[in-house]
Every structure is written in C-alpha cells, then in structure tokens.
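Quick notes on the structure that follows.
Numbering (this note's numbering), first residue to last: 2 to 439.
As structure tokens, then:
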C-alpha cells in the first residue's frame, strides 16, 4: 500500500496542484506562459515539495511555494511586486486550505474503512482528487466572479495582501499543529476536534471570498469615480467645441455681411489702377477666410471643429486622416452626441495607430440609408489577437449613443485593421428617444 500512497500523493497530487496554481496565476494576470516554461516550473515545484518533506520543518515548503510562485509572476509573467505577491499568496493559500479541508474529513472516515481494502483505497484516491477539484473550483470562482473584468489591472491590488498573508499563516499553523505533514487516524474522542477544524477551514474560505468581494467593490468604486471624472472632462471639451463652432459661425455671418464692402474696396483699387494694393487686400481677405474655413466639411460645424483639432493630433503623430461623409443637416441627433461618437472613436483610433506596426491611417466614411445613417471608422492597429471581450469607456459611450437613437454599434478586427461601425436612426421621433434610454 505504501507505493500506492506514494504514487497518489507524490505524483498525482503534487503535479496537479502545480498545474492548477500556474493555471490560476496566468488567468488572473491575463498573461500566457509557454509550455517549456510550464515544464520548468512544475519541475521546480516538485523539487520544492520533495525537499520540504526531508527538512525537519515541513512548513518551510509552503513558504518556498510562495517564493517560487512570486518569482514566476515577476520574471516570467512580468508583473509588479504587489501583483506577484498577492497572486502567489492567494494561489498557495487556496491549494493549502483545499488540502486542509480534506484532513479532518479523511480522519473521520478512514477508521470506518480499515477492514475494507477496496473502500480504503477508494477513500485514499478521493482524498487526493477532491482537494484538487475544490482547489480548481475556488480558482475558477475567484477569476470569474471576484476579479475585475480588467484582471491585469494593478490598482489597489495590494489591499488583498494583508488578509492573504493572515489567512495563509493561520492555515499553516492549523495544519502543522493538528495534522503535521501526514494524515492520522484519530480515536473516537477526537471527533469534536476534527469537526472544529473542518468548520475553521470553511470559515477561512468564507473570509477569503469576503476579502475578494470587498476588493472588487473598492476597485469598481475607483473605476466608477475615474470614469465619472473622465466623462466630466469629456463633456467640458465637447461643450467647448460647440461654443467654438457658434463663435466661428457668427464670424462667418459677419464676413458674409461685409463681402459687398470688400468687393467695393477692391473695385476702387482696380479702377484707380492700384494693382499692388488690390493684391495686398486680397491676401488679407484670403487669410481672413482661411481662419473661417475647415480642413473637413461634414455639414455640422461642431464636428468640423472637432475634426480640425483631431487632425492636429494626427499630424503630430504622422497619422493620415481621411474623412468622407456628409452628416444630415436636420435630424434629432444633438451636437453633443455627435461629439461623443467622433471624439471617442478618434481618440481610440489615434491610440491604436500609435501602437501599430504599419503607418498610421484613419478613414471615416458615412452615408444615409433611408431613415438610417451609417458610419464607419477604420484605423490601423497591431496584428494581434483580440483582447479580453468587453468595451472600454469610450466604446461604451458610443454604444450608449447609438442605442439612444434606436441603432447599434459593432466592432471588427481584421488583419491589422480595426473597424467600428455605427448605425443611427435619424428619423426617430424626439419623444421616442427617452424610451430607448430607458
């Protein structure tokens, strides 16, 4: 039976725990690891477990496990110190408490199976498989339900370190003080002690999930506050576009009003034979009209102002901006909502072009299709796989505006190209807009 127990624990359990820990930190940090790196880690992990079993202080194996996991996070996954420490402690604690829960359960059941070799072997196998299953379930529950959607974020991650270290220390003490490195078969009077240990282990898991839930709430609170500040800043910027467009519109009206006067002055210069003065006056008029014109004319002065500002950013980053659209002159879409669409779409496109391998290019096209208006923003991007599904603040704002007007938004990533498509119902009645918002 010794060889059987040796194979079950030293091969299946240790390798299984090593694989689960590595799988967890990779999912939690959002970074993939190569096969040869995984093989090296599993070899080192197995070596740590074997060495700790030979040492007089078996508990040092838990600390070596955390140290090894920390080094993997730092050197292979390239995470920060705080992130590496948190995930190393959490990965070690979950595997530790999963095995700890099985100790009192096994101590309660094994005495009943001593006279039945078949059931005794079955219990031994279950004592290894069940902790692995519990460990996997806890890992999966953590990264699916308690981690932020952007799990690679490091914001406030250090908040998990103090409770993680405390739980790990308590669990280590409970295991070493009550069971050591082996599973003992208790006498009947020890029933209460094992039940107490089982309850303490379950309470430890509950405290861990409570800490993760609290961290998630704190993280979401910071994200909401940051998003609100970003939206307020964006709203102020978009309102400035509207004010600037109104001012330029007034200047254009004033210039048109004075056109006859300018023509009269030019006519006087020409009749008097003052060609040089006429040319100088025309140059001044050309400069004045240049200040009133836009590099792109969409039919909406607010959007024209926005495109002019974004064009300056594109030129500063050697990005080619091409615009081919004419916005409907009369529709229910407000100037502020047009700004939300164009500002967020262009900001995302410019950032993507900065990171692209190919020369940056942004193409904006749009056309009316019956009662709908279709727009498409296409830009170069890095030739990589799509990130974790989900929208950032910018795309979420665009999606909200499109749904507000009875439309929708889609994104598509081709070979080195990112395409954002937006459909708006420009014939929707104003009283129906609030219904779409609800």
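From the three backbone atoms N, C-alpha and C, an ideal C-beta is built for every residue, glycine too. This structure is a prediction, so every number in the text was calculated from the model and none was measured.
Checklist entry - Closest by CA to residue 319, which one among 354, 220 and 299? => result Nearest C-alpha to residue 319: 354.
Next on the checklist: On the criterion of 16 or more Cβ atoms from any shown chain inside 10 Å, does residue 90 qualify as buried, or is it exposed?
Outcome noted: Counting every other CB atom within 10 Å of its CB across the protein chains shown gives residue 90 a total of 16 or more, marking it as buried.
Checklist entry - So, using beta-carbon positions, are residue 175 and residue 198 closer together than 8 Å? => result Yes, the pair counts as a contact, with Cβ atoms nearer than the cut-off.
Checklist entry - Would you call the segment 37-49 and the segment 13-23 in contact, with 3 or more CB pairs under 8 Å? => result Touching, per the Cβ criterion.
Item to check | Opposing strand residues paired with residue 420 [DSSP bridges] | outcome: DSSP output for residue 420 lists 379 and 413 as bridge partner(s).
Item to check | Euclidean distance between Cα positions of residue 341 and residue 100 | outcome: Computed Cα separation, rounded: 53 Å.
Item to check | Cross-strand partners of residue 374 (DSSP beta bridge) | outcome: According to DSSP, residue 374 bridges with 369 and 425.
Next on the checklist: Please report the straight-line C-alpha distance between residue 122 and residue 50, rounded to a whole angstrom.
Outcome noted: Near 23 Å, if we compare the C-alpha coordinates of residue 50 and residue 122.
Checklist entry - In chain order, what residues of the same chain lie with their CB nearer than 8 Å to the CB of residue 326, ignoring the 5 residues before and after it? => result Within the same chain, residue 326 has close Cβ partners 299, 365, 366, 367, 368 and 376.
Item to check | For residue 94, the nearest candidate out of 310, 203 and 195 (CA to CA) | outcome: The residue among 310, 203 and 195 with its C-alpha nearest the C-alpha of residue 94 is 203.
Item to check | Beta-carbon contacts of residue 158 that lie in its chain and below 6 Å, excluding the five residues immediately before and after | outcome: Cβ neighbours of residue 158 beyond the five flanking positions: 83, 84 and 87.
Checklist entry - Applying the criterion that 16 or more other CB atoms from any shown protein chain within 10 Å of the CB defines a buried residue, is residue 80 buried or exposed? => result The residue is buried, with at least 16 neighbouring Cβ atoms inside 10 Å.
Checklist entry - When DSSP labels each residue in this structure, what does residue 320 get in the three-state scheme? => result Residue 320: coil per DSSP, three-state reduction.
Checklist entry - How big is the Cα-Cα spacing for residue 279 and residue 350? => result If I take the Cα positions, the gap works out to 45 Å.
Next on the checklist: Taking the straight line between their C-alpha atoms, what separation do you get for residue 389 and residue 406?
Outcome noted: Residue placement at residue 389 is flagged as unreliable, the pLDDT there being 40, under the threshold of 50; the coordinate-derived value follows with that caveat. Straight across, the Cα-Cα distance linking residue 389 with residue 406 is about 28 Å.
Checklist entry - What residue from 427, 419 and 308 has the CA that sits closest to residue 372's CA? => result For residue 372, the nearest C-alpha among the options comes from 427.
Checklist entry - Considering residue 26, what are the terminal residues of the alpha helix (DSSP H) in which it resides? => result Residues 15-30.
Item to check | Unbroken alpha helix (DSSP H) run spanning residue 147, endpoints | outcome: Boundaries cannot be given for residue 147, as no alpha helix (DSSP H) includes it and DSSP labels it neither H nor E.
Checklist entry - What are the start and end residues of the alpha helix (DSSP H) that includes residue 297? => result Unbroken run through residue 297: none, as it is neither H nor E.
Item to check | Per-residue burial, residue 311 [other beta carbons within 10 Å of its own, 16 or more giving buried] | outcome: With 16 or more Cβ atoms within 10 Å of its Cβ, residue 311 is classed as buried.
Item to check | Residue closest to residue 331, alpha-carbon to alpha-carbon, out of 430, 148, 126 and 136 | outcome: Measuring from the Cα of residue 331, the nearest candidate turns out to be 430.
Next on the checklist: Give me the residue from 97, 317, 104 and 126 with the minimum Cα distance to residue 209.
Outcome noted: Among 97, 317, 104 and 126, the Cα nearest to that of residue 209 is on 97.
Checklist entry - So, are the CB atoms of residue 28 and residue 144 less than 8 Å apart? => result Taking a C-beta distance under 8 Å as the contact criterion, residue 28 and residue 144 qualify as a contact pair.
Checklist entry - Going by DSSP, what residues sit across from residue 325 in a beta bridge? => result Residue pairing by DSSP puts residue 325 in a beta bridge opposite 366.
Checklist entry - Measuring CB to CB, does residue 363 end up less than 8 Å from residue 315? => result Yes, these two residues count as a Cβ contact at 8 Å.
Item to check | Burial state of residue 185 (16 or more Cβ within 10 Å) | outcome: Because the pLDDT of residue 185 is 46, which lies under 50, any placement of that residue in the model is unreliable, and the question is left without a value.
Checklist entry - Would the beta-carbon of residue 347 fall within 8 Å of that of residue 324? => result Taking 8 Å as the Cβ cut-off, residue 347 and residue 324 do not qualify as a contacting pair.
Next on the checklist: For residue 103, which residues in the same chain have their Cβ closer than 7 Å to its Cβ, ignoring the five residues on either side in sequence?
Outcome noted: Listed in chain order, the non-local C-beta contacts of residue 103 below 7 Å within the same chain comprise 128, 131 and 132, local neighbours out to five positions each way being set aside.
Item to check | Three-state secondary structure (DSSP) of residue 398 | outcome: The answer is helix: DSSP assigns residue 398 an H, G or I state.
Checklist entry - In terms of residues, what are the limits of the alpha helix (DSSP H) holding residue 161? => result For residue 161, there is no enclosing alpha helix (DSSP H), since its DSSP letter is neither H nor E.
Checklist entry - Thinking C-alpha only, which one of 73, 301 and 135 is nearest residue 336? => result The shortest C-alpha separation from residue 336 is found at 301.
Checklist entry - Could you give the C-beta distance for residue 425 and residue 397, rounded to a whole number, given that I count them as a contact under 8 Å? => result At roughly 17 Å, the Cβ-Cβ gap does not stay under 8 Å, so residue 425 and residue 397 are not in contact.
Checklist entry - In terms of residues, what are the limits of the alpha helix (DSSP H) holding residue 355? => result Boundaries of the alpha helix (DSSP H) around residue 355: 336-356.
Checklist entry - With C-beta atoms as the reference, is residue 92 less than 8 Å away from residue 25? => result One thing to note: residue 92 has its Cβ within 8 Å of the Cβ of residue 25.
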